[in-house]
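The structure appears right after this line, and notes come after that.
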């Protein structure tokens with residue numbers, strides 16, 4: 001689903017990644033992280049697609065919300081397991097959304 | 001491939017979309033637009049994934065480069081056909097990438 005974000009400005013965290021072959025526990029953790037993110041203050045929505053490469057974008061009210069989410073305890077564990085086990089490579093980009101526009105048939 | 005972007009700041013254009021059932025000519029045009037984008041001044045790279053939803057992110061040096069690309073003649077035609085025929089819905093977000101970090105095994 002295209003995330004129903006409010007009018008800009010707001011923030012986007014673009015997480016582009018490739019997985020390793022060791023995916024033990026990954027799927028459950030990914031689902032848990034989506035549920036946990038939704039509970040965070042300042043969370044505005046997310047979009048996620050995977051083919052071989054995965055792109056997950058989460059949208060946030062401000063940098064403070066992003067910082068708190070990065071430091072959340074369960075999320076810290078997920079990030080650690082991601083580096084140790086699940087991700088072959090990733091890039092995270094913190095972005096200020098300055099403008100948006102859309103189209104719906 | 002994760003786009004090998006330079007150090008921030010730079011810009012990202014996040015294009016999230018769903019396709020219609022009428023995809024005549026879409027694939028060829030999408031490939032042509034990738035080739036054409038690469039030739040534009042200020043183009044830094046792109047990442048694209050589709051499952052049902054598609055996310056394509058293109059990276060640019062500055063807002064001026066994004067504006068010129070939006071107004072490029074062939075791209076204008078592609079945008080028009082997209083609205084008339086190929087896209088069920090889309091959202092475009094223009095973003096200033098303030099910070100990034102990555103990981104590679």
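Protein chains in written order, with full-length UniProt numbering: chain G, 1 to 105; chain H, 1 to 105.
From the three backbone atoms N, C-alpha and C, an ideal C-beta is built for every residue, glycine too.
- Look at the beta carbons and you see the stretch 58-69 of chain G touching the stretch 38-50 of chain G: at least three pairs across the two are nearer than 8 Å.
- Per the C-alpha coordinates, the member of G:105, G:8, G:94 and G:98 positioned closest to residue 7 of chain H is G:94.
- Inter-segment contact for the stretch 71-78 of chain G and the stretch 18-29 of chain H is absent: fewer than three beta-carbon pairs are separated by less than 8 Å.
- With a threshold of 7 Å between beta carbons, residue 56 of chain G makes no contact with chain H.
- With fewer than three CB-CB distances shorter than 8 Å, the stretch 31-41 of chain H does not count as touching the stretch 88-105 of chain H.
- Among the residues facing chain G, residue 102 of chain H is included, as its CB has a counterpart in that chain under 7 Å away.
- Short of 8 Å from the beta carbon of residue 66 of chain G, and not among the five residues preceding or following it, lie these beta carbons of its own chain, in chain order: 11, 13, 42, 60 and 94.
- Look at residue 65 of chain G here: in three-state DSSP terms it is helix.
- Distance between residue 2 of chain G and residue 105 of chain G, taken at the CA atoms: about 14 Å.
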